[in-house]
Structures are given as C-alpha cells and as structure tokens.
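K.L.:
Take this structure, written in structure tokens, and hold onto it; I'll ask about it next.
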Amino acid sequence: DGGFLLEWATRHPEKNFLGVERLLGRIRKLDKKGSRANLTNLRLLRFEARYLLQYLLPAAAFEAVHIYFPDPWPKDKHARHRLIDEKFPELARRILAPNGSVHLRTDDPEYFVQMQKSFAPAKDFSSTETPKELAVLTTEFERQWNEEGKPTLRVSYHSIS
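FYI, the numbering used here numbers position 21 of the sequence shown as 27, with every residue one higher than the one before it.
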C-alpha cells in the first residue's frame, strides 16, 4: 500500500527513496499521496523487482532494501515466482552499499522459513534484530493480517562486506 514508504520518506527528508511495485494502480495511488505530502525525496517505478535488482539498479547504491509482504505464491507450482529465494541475497548484496541492510516481513509462515533459509548460506549477511523505529511502522496489509489474527513475521539482515 506504500504507507510505510511514505512515512519513512517523511521521517527522513535528507535521504532518497525508491518504491517499486508491479501494479499500476498501487503506483498511481502512492504517487498521489507522495505528491500531496510534497515528498521530493521519493521516486516510484512500476517494474518487476527481480529484474530491476538483477539488471538495472546500480551497484552499491542503496543503504537498505525493504520488502514487506511480497506475494507468497502459496501453491507449490507457483513457488518459483517468489521474490525471496536462494538467489535473492546475491541480488541484494550487489545493490547495497557497505554495511547495508535487508528488512523482510510476511504473514506467511512457510514463506518466512524460505526467507530465512535463503539467507542462511549467505556468508556476507548476518541476521539482526529489526530496528525498533522500523518495527513500529506498519503497512496496510500488516494491519489487515494482524486484525485477522495473523502475526507479522519479520527478519533483518546486515551486510558484513
């Protein structure tokens, strides 16, 4: 929904933010909200995140990557479409500046396990506690799932290279 991104960009006007979303309607909605809030530090792209990470974003250019509630593709035959897989840590490492971080959230326990397994062999990342200032900011999806009794599963990783 972009609520987290808008709030984080508002709290940190000295930093630039890039929001990536595949769905045009969500991008338009977020663009309107960002414009109304006069956020000059926010840029938005309608793109497939994996392709963007792999081919288009510059190396070592980002302090952090936040991926909150990505599509879990719950059916086994669709699981290959998940963004967070065994290749993801390398994609993230490429675009992260030294000492960068990755922050992940999901409500899907199976996907959460996969996220953790994906980072387990990545020697240039260490698991770390999600900073409190991030943990208290929730997304619309997160609030919706929490109201339905689904807990938020979150994990953060710090680049040690």
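Backbone N, C-alpha and C define an ideal beta-carbon position, used for all residues, glycine too.
Source: prediction; values computed, not measured.
Assuming residue 91 contacts residue 156 under a Cβ cut-off of 8 Å, what Cβ separation, rounded to an integer in Å, is found between them?
P.N.:
On the sequence shown, position 85 is the one that residue 91 refers to. On the sequence shown, position 150 is the one that residue 156 refers to. With a contact defined as Cβ atoms closer than 8 Å, residue 91 and residue 156 miss out at about 22 Å.
K.L.:
Taking only three categories from DSSP, how would you classify residue 166?
P.N.:
One-based indexing of the sequence shown puts residue 166 at position 160. Coil at residue 166, not helix or strand.
K.L.:
For residue 23 and residue 116, I'd like the C-alpha separation in whole angstroms.
P.N.:
Start at 1 with the first residue of the sequence shown, and residue 23 comes out as number 17. Start at 1 with the first residue of the sequence shown, and residue 116 comes out as number 110. Rounded to the nearest whole angstrom, the CA to CA distance from residue 23 to residue 116 is 29 Å.
K.L.:
Quick one: what's got a C-beta closer than 6 Å to residue 72's C-beta in the same chain, skipping five residues either side?
P.N.:
Translated into the one-based positions of the sequence shown, residue 72 becomes position 66. Closer than 6 Å at the Cβ level, and outside the excluded window around residue 72, lie 109.
K.L.:
Using a threshold of 7 Å, state whether the C-beta atoms of residue 147 and residue 94 are closer than that.
P.N.:
Here residue 147 refers to the residue found at position 141 of the sequence shown. Here residue 94 refers to the residue found at position 88 of the sequence shown. No, they are not a contact pair.
K.L.:
In its own chain, which residues sit with a C-beta less than 8 Å from the C-beta of residue 136, not counting the 5 before and 5 after it?
P.N.:
In the sequence shown, residue 136 corresponds to position 130, counting from 1. Counting only Cβ-Cβ distances below 8 Å, and skipping sequence neighbours, we find 109, 160, 161, 162.
K.L.:
Would you call the segment 45-61 in contact with the segment 8-26, where contact means no fewer than 3 C-beta pairs closer than 8 Å?
P.N.:
With contact defined as three or more Cβ pairs closer than 8 Å, the segment 45-61 and the segment 8-26 are in contact.
K.L.:
Assuming the contact rule is C-beta atoms closer than 8 Å, residue 26 and residue 62 should be a hit. Round their C-beta distance to whole Å, please.
P.N.:
For the purposes of this step, residue 26 is taken as the residue at position 20 of the sequence shown. For the purposes of this step, residue 62 is taken as the residue at position 56 of the sequence shown. 10 Å between Cβ atoms; not a contact.
K.L.:
Report back the beta-carbon spacing between residue 102 and residue 66 to the nearest angstrom; my notes put them in contact at under 8 Å.
P.N.:
Numbered from 1 along the sequence shown, position 96 holds the residue referred to as residue 102. Numbered from 1 along the sequence shown, position 60 holds the residue referred to as residue 66. About 7 Å; that satisfies the 8 Å criterion.
K.L.:
With a threshold of 7 Å on Cβ separation, who are the neighbours of residue 124 within its own chain once the five nearest residues in sequence on each side are excluded?
P.N.:
The count along the sequence shown starts at 1 and reaches residue 124 at position 118. 90, 91, 92, 94, 95.
K.L.:
State the Cα-Cα distance for the pair residue 80 and residue 86, rounded to the nearest angstrom.
P.N.:
Translated into the one-based positions of the sequence shown, residue 80 becomes position 74. Translated into the one-based positions of the sequence shown, residue 86 becomes position 80. Answer to the nearest angstrom: the Cα atoms are 10 Å apart.
K.L.:
From residue 165 to residue 122, what distance separates their C-alpha atoms?
P.N.:
What you label residue 165 is simply residue 159 of the sequence shown in a count that begins at 1. What you label residue 122 is simply residue 116 of the sequence shown in a count that begins at 1. In this structure, the straight-line span from the alpha carbon of residue 165 to that of residue 122 is close to 15 Å.
K.L.:
Considering residue 27, what are the terminal residues of the beta strand (DSSP E) in which it resides?
P.N.:
Position 21 of the sequence shown, counting from 1, holds the residue named residue 27. Looking at the DSSP string, the run of the beta strand (DSSP E) that includes residue 27 is 23-27.
K.L.:
Look up residue 74 in the DSSP assignment and give the residues it is bridged to.
P.N.:
Along the sequence shown, one-based indexing puts residue 74 at 68. Note: residue 74 sits in a beta bridge opposite 111.
K.L.:
Once DSSP output is grouped into helix, strand and coil, what is the label at residue 40?
P.N.:
Start at 1 with the first residue of the sequence shown, and residue 40 comes out as number 34. Correct three-state label for residue 40: helix.
K.L.:
Counting C-beta neighbours from all protein chains within 10 Å, is the total for residue 70 16 or more, i.e. buried, or is it exposed?
P.N.:
Stepping through the sequence shown from its first residue, residue 70 is reached at position 64. Under this definition residue 70 is a buried residue.
K.L.:
Exposed or buried, which one is residue 107 when buried takes at least 16 other CB atoms within 10 Å?
P.N.:
Within the sequence shown, the letter at position 101 stands for residue 107. So residue 107 ends up on the buried side.
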